[in-house]
Amino acid sequence: MKLQRDGPSITSTASRTRKQESSCPAAQAQDAPVLQGKKCWICLEGDKDSAKLLRMPCSCPRFAHQRCLARWQLHSAGTRRETHCEFCDQPLPDWKHAFPLTDKSCSSAVITVSFVGMVRKIGVKPGPTGYASFDKSVRQAFDLPDGAKFNVSFTCEDPFDPDVSLKLKGIEAYDAAVYCAQLTAAKNLAAHRVQLSCTSSLPTQTLTTRVCPSSLSKKLVRLLQDISCTSRQSVDVLSTGRATD
Numbered sequence: 024m025k026l027q028r029d030g031p032s033i034t035s036t037a038s039r040t041r042k043q044e045s046s047c048p049a050a051q052a053q054d055a056p057v058l059q060g061k062k063c064w065i066c067l068e069g070d071k072d073s074a075k076l077l078r079m080p081c082s083c084p085r086f087a088h089q090r091c092l093a094r095w096q097l098h099s100a101g102t103r104r105e106t107h108c109e110f111c112d113q114p115l116p117d118w119k120h121a122f123p124l125t126d127k128s129c130s131s132a133v134i135t136v137s138f139v140g141m142v143r144k145i146g147v148k149p150g151p152t153g154y155a156s157f158d159k160s161v162r163q164a165f166d167l168p169d170g171a172k173f174n175v176s177f178t179c180e181d182p183f184d185p186d187v188s189l190k191l192k193g194i195e196a197y198d199a200a201v202y203c204a205q206l207t208a209a210k211n212l213a214a215h216r217v218q219l220s221c222t223s224s225l226p227t228q229t230l231t232t233r234v235c236p237s238s239l240s241k242k243l244v245r246l247l248q249d250i251s252c253t254s255r256q257s258v259d260v261l262s263t264g265r266a267t268d
């Protein structure tokens with residue numbers, strides 16, 4: 024599905040197919056109950072096995088899938104539309120609830136930061152303290168003076184669709200970008216744990232467990248975290264001059 028930021032119109036393959044079949048009288052009669060039912064105002068589809076249609080958590084007379092609404096908010100990260108309905112301006116639930124972080128060991132992540140052709144790996148954590156540390160690390164990594172101002176642009180992996188890159192702009196989107204990096208780190212860490220699990224298969228196809236020393240296991244976990252937390256998330260830093268007194 025394709026999300027358009029300027030209006031609540033996301034066209035899915037299923038909805039396009041229904042429109043094409045609507046020219047057939049038999050199809051019209053068969054699809055009438057579906058077309059008359061409630062639909063998500065974002066993806067224009069109804070109830071799914073994996074996504075139940077819910078009433079909007081504000082005063083708007085609309086319905087939406089939890090993940091569709093969360094993705095809509097995420098694509099508006101750093102603006103009021105991330106936290107408030109753009110129609111009635113009432114508060115919306117935190118979009119992160121739709122994409123829970125299952126591995127708490129990924130409370131931090133490592134992202135790629137680019138500045139005038141130079142690239143560095145910098146650890147990030149959420150919250151005001153995390154951003155203050157990120158700001159300090161960027162200045163140290165690229166030798167930027169304390170008075171220098173800069174803008175940031177985050178390229179993240181969309182938690183709704185890992186094959187899609189999400190562009191978030193401004194320091195206001197910092198927490199959203201860090202959370203996306205944590206989700207990617209948790210996914211990568213889980214994949215590496217499966218690949219490096221201490222199991223082997225015998226010729227008889229009987230699975231046995233190979234005992235690993237405790238010290239080696241701890242080193243592997245630390246190594247996995249270092250590797251996995253270096254996700255596809257990246258940040259472009261653009262200098263905007265010096266701060267005025």
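Numbering (my numbering), first residue to last: 24 to 268.
C-beta: ideal position from N, C-alpha, C; glycine also.
Pick helix, strand or coil for residue i, following the three-state DSSP scheme.
i      : result
Lys127 : helix
Phe157 : helix
Ala200 : helix
Glu68  : coil
Pro151 : helix
Thr207 : helix
Ala164 : helix
Ala121 : helix
Which residue's Cα is closest to the Cα of residue i: the options?
i      : options                        : result
Arg90  : Ala204, Leu76, Val161          : Leu76
Tyr154 : Asp169, Leu167, Asp198         : Asp198
Gln96  : Phe183, Leu212, Asn211         : Phe183
Gly140 : Phe165, Pro80, Asp158, Pro116  : Phe165
Cys108 : Ala87, Leu124, Ala208          : Ala87
Leu206 : Ala74, Leu67, Phe122, Lys192   : Phe122
Gly170 : Cys83, Pro114, Lys159          : Lys159
Pro151 : Leu67, Ala196, Pro80           : Ala196
Cys66  : Ser82, Ala93, Cys81, Arg104    : Ala93
Leu115 : Ile194, Ser82, Pro185          : Ser82
Asp117 : Ser99, Ser130, Val133          : Ser99
Lys11  : Val147, Gly101, Ala204         : Past the edges of the chain, shown from 24 to 268, lies residue 11, and the structure says nothing about it.
Val175 : Pro185, Cys129, Ile134, Asp112 : Ile134
Compute the Euclidean distance between the alpha carbons of residue i and residue j, then round it to the nearest angstrom.
i      : j      : result
Pro149 : Tyr202 : 7 Å
Phe157 : Gln163 : 10 Å
Leu124 : Ala209 : 7 Å
Asp72  : Cys179 : 28 Å
Ser131 : Ala213 : 15 Å
Trp64  : Ala200 : 25 Å
Phe177 : Leu189 : 8 Å
Gly69  : Pro84  : 15 Å
Pro80  : Gly60  : 19 Å
Phe138 : Cys129 : 26 Å
Where do the N-terminal and C-terminal ends of the beta strand (DSSP E) with residue i fall, by residue?
i      : result
Gly140 : Neither: Gly140 is in no beta strand (DSSP E) and is coded neither H nor E.
Lys190 : 188 to 192
Cys179 : 171 to 180
May I ask whether a heavy atom of the ligand ZN can be found less than 7 Å away from the beta carbon of residue i?
i     : result
Cys83 : For the structure depicted, the ligand ZN is absent and the ligand set is empty, with no information on it obtainable.
Could you check where the alpha helix (DSSP H) with residue i kicks off and where it finishes?
i     : result
Leu97 : 89 to 97
Arg78 : Per DSSP, Arg78 belongs to no alpha helix (DSSP H); it is in the beta strand (DSSP E), 76 to 78.
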